[in-house]
Amino acid sequence: EFRQPGAEGGEYAFPLGTITLSEDRQQLMLRVNSKINGVTAPLTGFEVSRRLIDLATIGNSDYTPSWASLVSGVQVSNVFDVYADFRRPHVLPQAMLLTRFSDQVSSPESMDGSGSYYLGGKAENEQQFLLKPNDPFARPGQPKEIVERYFASAEEAKQALMRGDIDVLDQLYPADAAKLRSRSDLEVRQYAMPQVHVLVPVSDHPYLENRNFRRALVYAINREGILKQELLNQEEVPGCQVISGPFPAGRNEVDPLGYAYDSTIRPLPYNPRLAFALALTSQFEIKTLAEKKGEKIGDMIEGIPMPEDPDMTDEERKLMEEEATKAKPVPPAKALVIGHPATELARVACQAIQQQLTSVKIRCSLKELPLGLTHDPENKCDLLYVTAAVWEPIVDARRLLGPDGLAKSNNPYINLQLRKLESARSWKDVRDALHDLHSRVAGEMTVLPLWQTVDHYAYRKSVRGIGDRPVSLYQDVEQWSISPQVKTN
């Protein structure tokens, strides 16, 4: 479990006991406590060892390639001690083990999972979680029921919190944080880790396969303007900034949270003229390449004819015009579909992005994803607006950029850098590899970087135990307690 950021990577805990990395960084020991809060532990070392082996087994649903390439053997001693031996030193192997205890969980309704709650009921905009009976992690006073409610807009959610209809508000709209701080009955807090916002190509759209076209998209988006005016409402929030790569930049240049981010790589500026020129150039490249293959691809840039070859003779031009008269007209290329989650922030950001792409004649439309989903179940999107919690870039880089990751990149240079990162033996090697990866991604535009935000949550003062700077809302849910309150109108 990721507990908090540290000086070199994150700090991790093993909820069932303790976890220790050897001095030579070639062995990890997990000690399972026989009892947790006076209750017999749900697992022994044998179940934990099988889980570690599952993560290294090809074909398992939770197979982790980086763990499989690292671990050479797993053994159990004295029932409760588990040892994982490595082929080479690794600076932070525990970061690869952010997974549930068991692979037997088939649904959220199951009570066999790692958490203290199970899904008790679900409605259109609401879902209920109930505390498991005899849960070893449960504490006195902990809520026996948590109801999550989804709101169509940030304003509705804010009003519900102020009225007392809800006790906690997650994913607080950035512009609302300062307003709610002035209320004596509410607490507003920041999360410990920033969130990275990117556009991820998720289809085989021929235009998105062109590097120049992807760069044109970034030049066409006024990222600074959207962030400061639309999302932050002109408020200065430390850590909220435009980024040049897929990793968090930290709150300043010396913040250890930004160990993966190369601050010497500046974000591309907003330049709609250059965006238009690059888009035209890429359209010519894409159509020319398609014609060489005997294929036809339509225009993406609205209302702009394909440029002529300046070296073309009059005879060649006449012949081309005759052929064009005979040929069937090629329909325009499919407009880009940008998918985004059903949240106010993503909705506002993507509406602004669509408007700015349209202003440089790039045809696109928006698709709001079903409530609670961050992927498109219909696979109709070409780009996805993703808010990524890149807590530990040393392992999250592959999850985002690898062939089996969100971006599904098959770029050989990106994959080479990922392998270099995973074989790093020191923190200096890790930082160097991540900076090289940042540079390569910024050049190729494997994902389109937008900005990072430092997100907030708000809660009524009747709620205790949430913590000051958790990495996620439910991190310490076992410590929550609620005192009676009077609703206000």
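For any residue, its number in my numbering is found by taking its place in the sequence shown, counting from 1, and adding 239.
Note that CB positions come from ideal geometry on N, CA and C, so glycine has one too.
Contact check for TYR322 against LEU267 passes: the beta carbons are separated by less than 9 Å. Contact annotation: GLU387 and GLN366 have beta-carbon atoms nearer than 9 Å.
If you check the CB distance, GLU469 and VAL287 do not come in under 9 Å. Taking each of ASN510, GLY704, ASN317 in turn and checking the Cα distance to GLY284, the smallest one comes out for ASN317.
With fewer than 16 other Cβ atoms from the protein chains shown falling within 10 Å of its own Cβ, ILE297 counts as exposed. Using a C-beta cut-off of 8 Å, the region 273–284 makes no contact with the region 453–464, since fewer than three inter-stretch Cβ pairs fall below that distance. Judged by DSSP in its simplified three-state form, ARG699 adopts strand. Burial is judged here by how many other beta carbons sit within 10 angstroms of a residue's own beta carbon; VAL439 has at least 16 and is buried.
Secondary structure of SER311 (DSSP, three-state): strand. A Cβ-Cβ distance of about 7 Å is found for the pair GLY248 and ILE633, placing them in contact under the 8 Å criterion. Between ASP406 and ARG420, the alpha-carbon positions lie close to 15 Å from each other. A residue is called buried once 16 or more other Cβ atoms fall within 10 Å of its Cβ, and LYS667, having fewer, is exposed. In the DSSP assignment, MET268 falls within the beta strand (DSSP E) that extends over 266–271. Secondary structure of PHE241 (DSSP, three-state): strand. The shortest CA-to-CA distance from MET432 to any of VAL716, PHE319, GLU717, LEU712 is the one to LEU712.
The beta carbons of VAL271 and LEU291 sit no closer together than 9 Å. The Cβ-Cβ distance between ALA574 and PRO445 does not fall below 9 Å.
Collapsing the DSSP output to three states places ARG453 in a helix.
In the DSSP assignment, no residue is bridged to SER423. ALA377 sits in coil when the DSSP states are folded into three classes, being neither helix nor strand. Just measuring C-alpha positions, the residue of LEU400, ASN451, ASN472, ASP443 sitting nearest ASP424 is LEU400. Contact check between the region 370–377 and the region 618–625: fewer than three CB pairs, one atom from each, fall below 8 Å, which does not count as touching. Remark: C-beta atoms of PRO709 and TYR356 do not approach each other more closely than 9 Å. In the displayed model, PRO413 falls within a helix according to three-state DSSP.
Around the beta carbon of THR257, fewer than 16 other beta carbons sit within 10 angstroms, so the residue counts as exposed.
The beta carbons of PRO413 and ASP694 sit closer together than 9 Å.
Around the C-beta of LYS467, 16 or more other C-beta atoms lie within 10 Å, and the residue is accordingly described as buried.
The closest CA to that of VAL716, considering only GLY354, GLY403, LEU645, ARG289, is found on GLY354. In the DSSP assignment, HIS579 falls outside any alpha helix (DSSP H) and within the unbroken beta strand (DSSP E) covering 575–579. A residue is called buried when at least 16 other Cβ atoms come within 10 angstroms of its Cβ; GLN473 does not meet this threshold and is exposed. DSSP, read as helix, strand or coil, puts ARG428 in strand.
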